[in-house]
């Protein structure tokens, strides 16, 4: 009974995230988010300043592939050598590589062009969904999930969640601020990555319960 409840809870989260992504994708395809995107871009970029631009570039760099790979290698070393968790290492790789593959395929499917106004930095490739946002949600989401059980204090767990949320939201914000993504790209990336993460965790938990029973 507990097995079914845990599976259904995770699967419900997956359905929720997936449904959100489908709605956003349909609205983007029908060009029904222009007013929202333009308003949010103006709101975010209205606070532009040299210091904030430097901060946004730093967050965007942290969300780049090179830095994400470095963080991933460090996390995998922690899981494998210190915590001795081989199965969790497979989940970590599965989530990260799957998120990257999904983002590539979806960008090729939607082929949405990036914003072409007030772009502070230059980026190539398509816009929807945001690759940085998907990578951040997947990376920090799965790290929070895997490390949560190893932190004995409630305060440590709260700090872990706060860190994961700050990095995920901050990286998404930086992409809007720098003018390389629409807000709907970022939100769509969160929804897509959230669906993938929750499906992966649900399958992982179901498999662990199966082999332990």
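Residue numbers (the numbering used here): 3 to 215. Yeah, the Cβ is synthetic: ideal placement off N, Cα and C, and Gly gets one too. Bear in mind that the values here come from a model prediction, so they are computed numbers and not experimental data.
Simplified DSSP state of residue 125, which is helix, strand or coil: Three-state result, residue 125: coil.
Could one say the Cβ of residue 69 lies closer than 8 Å to chain C's Cβ atoms, at least one of them? Absence of chain C from the displayed structure is noted, only one protein chain being present.
Neighbourhood of residue 153 by C-beta, 8 Å cutoff - its chain only, sequence neighbours within 5 removed: Counting only Cβ-Cβ distances below 8 Å, and skipping sequence neighbours, we find 159, 162.
Does the separation of the CB atoms of residue 97 and residue 140 fall below 8 Å? yes
C-alpha distance - residue 27 paired with residue 190, whole-angstrom precision: 7 Å
Between which residues of its own chain and residue 195 is the CB-CB distance below 6 Å, once the five residues before and five after are set aside? Cβ within range, chain order: 101, 136, 139, 140.
Taking the alpha-carbon of residue 43 as reference, which of 89, 142, 188 has the nearest alpha-carbon? Comparing Cα-Cα distances from residue 43 to each of 89, 142, 188, the minimum goes to 188.
By how many angstroms is the C-alpha of residue 130 removed from the C-alpha of residue 114? Their backbone Cα atoms lie some 6 Å apart in a straight line.
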